[in-house]
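Everything below concerns the one structure shown next.
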Amino acid sequence: MPKSPYSHSKLSTFETCPRQFEYRYVQRIPRDTESIEAFLGKRVHEILERLYHHVGRHGRPPSLRQVLERYRQDWGLHWHENVKIVRKDRDAEFYRLHGERCLENYYRQHYPFEDGETVAIEHRIAIRLDEEGSYRARGIIDRLVRRGTGAYEIHDYKTGAWLPPRDRLARDRQLALYQLGVLQEFPDVEHVELVWHYLAFRKTISMTRSPEELETLRAETIKQIDTIEAATEYPTRPGPLCRWCEYRDICPDPALDPTAPPEAPPDGDGRTRRTPGDVWSASATSAEASSGESPREGKQLLLL
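No gaps in the numbering here: position 278 of the sequence shown is 277 in numbering that gives the first Met the number 0, and each next residue is one more.
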């Protein structure tokens, strides 16, 4: 019988803390709080989505002033009292301005946004991990680009203030899983480039995965799904990420690692990081816990 599809976020949650996994995906305990990192990441992703829709519709980009005005407007429109700021040395305005810098950096670096053919924006990708379709994964590609015959790029936006080393990205599971999905969905694919945009640094990092690396990833992901499916106990795994956990108020062991630096929030789109880093990106919300969907799925934004 086919298993429910796993997202990179779901896999990472189990790896980071099985107890958090139980609360979010097994018991599906809803939460109405949202971290400031999640809030910031979603606003930036939404604006970049709008920007490329605008370019596709009108053949030209909006001005930087329009982009930033829309970001400020959306920030105020979506702000709510349950946005949680963990770091007491920073306030909402600090994060809002950080988002502005991310958008301005990307705009100035990529204007007039003619770098390749945009095939899809916020594209939901389905990944088959075995021939029978018993093991499946899914995700959302921020932007899928085609450059000539058979050459595709999977683009991912990062709003973090931490730049990982290349060897860490070489082990990244998320975009490599997306590559498996692109190879399955688009029959003309001959080459796939994985592209990370670290917006705070105006830094773009590109990598490829060999067929052998993808096969190893596929086998490891299946093994991890089997481990999760067989789990009957979900122990806590205390560490620096506990302070960002939405279930800390009900966790029996919310202890923190006293030796770890305080800046280690969840990584983008629900992924959690097992090594410290000052990362400001979107993370999973109670919407994912209750519906199994990513909070950015299923809604095409209007133009700027």
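Cβ coordinates follow ideal geometry from the N, Cα and C atoms, glycine included.
Endpoints, the alpha helix (DSSP H) within which residue i is located
{"i": "I153", "result": "Here I153 belongs to no alpha helix (DSSP H); instead the beta strand (DSSP E) covers 150-157."}
{"i": "A37", "result": "35-57"}
{"i": "A91", "result": "91-109"}
{"i": "G180", "result": "173-184"}
{"i": "Y233", "result": "Note, Y233: premise wrong, no alpha helix (DSSP H); not H, not E."}
{"i": "D88", "result": "First-last for D88: undefined, no H or E at that position."}
{"i": "S8", "result": "7-15"}
{"i": "V77", "result": "Before going further, note that residue 77 is His rather than Val in the sequence given. Its alpha helix (DSSP H) spans residues 63-77."}
Reference residue i; option with closest CA among the options
{"i": "P163", "options": "I140, G132, H196, E131", "result": "H196"}
{"i": "Y22", "options": "T235, G132, I153", "result": "T235"}
{"i": "R123", "options": "H77, K83, E184", "result": "E184"}
{"i": "R127", "options": "I221, W243, H190", "result": "I221"}
{"i": "T305", "options": "R49, Q72, V66, R172", "result": "Lying before the first or after the last residue shown, residue 305 is absent from the chain, which here runs from 0 to 303."}
{"i": "D313", "options": "Y156, I139, T207, E189", "result": "Absent from the model: residue 313. The displayed extent of the chain is 0 to 303, so no value can be given."}
{"i": "L102", "options": "R64, E116, E121, V118", "result": "R64"}
{"i": "C241", "options": "H7, P17, S209", "result": "P17"}
{"i": "V66", "options": "N104, R86, Y156", "result": "N104"}
{"i": "Y106", "options": "I35, E219, L50", "result": "L50"}
{"i": "Y24", "options": "Y233, R86, E130, H154", "result": "Y233"}
{"i": "E68", "options": "G98, S209, E130", "result": "G98"}
{"i": "E116", "options": "I153, C250, E211, E219", "result": "I153"}
{"i": "D141", "options": "L168, K157, D129", "result": "K157"}
{"i": "E219", "options": "D129, H109, D252", "result": "D129"}
Residues near residue i in its chain [Cβ-Cβ closer than 8 Å; skip 5 each side]
{"i": "Q187", "result": "It is worth fixing the name first, because residue 187 is Asp in this sequence and not Gln. So the qualifying residues of the chain are T148, G149."}
{"i": "R151", "result": "Here residue 151 turns out to be Tyr, not Arg, going by the sequence shown. So the qualifying residues of the chain are V118, L143, V144, R145, V181, F185, V188, H190, V191, E192."}
6 Å CB neighbourhood of residue i in its chain, flanking five on each side removed
{"i": "F13", "result": "F20, I227"}
{"i": "D256", "result": "In this predicted model, D256 has a pLDDT of only 48, less than 50, meaning its place in the structure is not dependable; the value taken from the coordinates is given anyway. Correct list, in chain order: G238, P239."}
{"i": "V54", "result": "P60, F112"}
{"i": "P261", "result": "Confidence at P261 is low in this model, with a pLDDT of 48, below 50, so its placement is unreliable and no value can be given for it."}
{"i": "I84", "result": "I35"}
{"i": "Q108", "result": "R201"}
Extent of the continuous beta strand (DSSP E) to which residue i belongs
{"i": "K202", "result": "202-206"}
{"i": "I227", "result": "Unbroken run through I227 is the alpha helix (DSSP H), 210-229; no beta strand (DSSP E)."}
{"i": "D141", "result": "135-145"}
{"i": "L198", "result": "Element bounds for L198: n/a, residue is neither H nor E."}
{"i": "A125", "result": "116-127"}
Anticipated Cβ contact below 8 Å, residue i with residue j, distance rounded
{"i": "P60", "j": "F112", "result": "5 Å"}
{"i": "L143", "j": "A175", "result": "Not a contact, Cβ separation roughly 15 Å."}
{"i": "L39", "j": "Y94", "result": "5 Å"}
{"i": "R42", "j": "Y70", "result": "6 Å"}
{"i": "I28", "j": "Y246", "result": "7 Å"}
Close beta carbons around residue i, own chain, < 7 Å, minus the five adjacent residues each side
{"i": "I224", "result": "K2, Y5, Y134"}
{"i": "N81", "result": "D31, T32, E33"}
{"i": "L179", "result": "I126, L213, R217"}
{"i": "W74", "result": "R42, R95"}
{"i": "H7", "result": "G138, R172, Q173, L176, R270"}
{"i": "L168", "result": "W195, I204, M206"}
Residue i classed as buried or exposed, judged by whether at least 16 other C-beta atoms fall within 10 angstroms
{"i": "S205", "result": "exposed"}
{"i": "A37", "result": "buried"}
{"i": "L76", "result": "exposed"}
{"i": "E45", "result": "buried"}
{"i": "K202", "result": "exposed"}
{"i": "G58", "result": "exposed"}
{"i": "T231", "result": "exposed"}
{"i": "K9", "result": "buried"}
{"i": "I249", "result": "exposed"}
{"i": "A229", "result": "exposed"}
{"i": "W78", "result": "exposed"}
{"i": "D155", "result": "buried"}
{"i": "T15", "result": "buried"}
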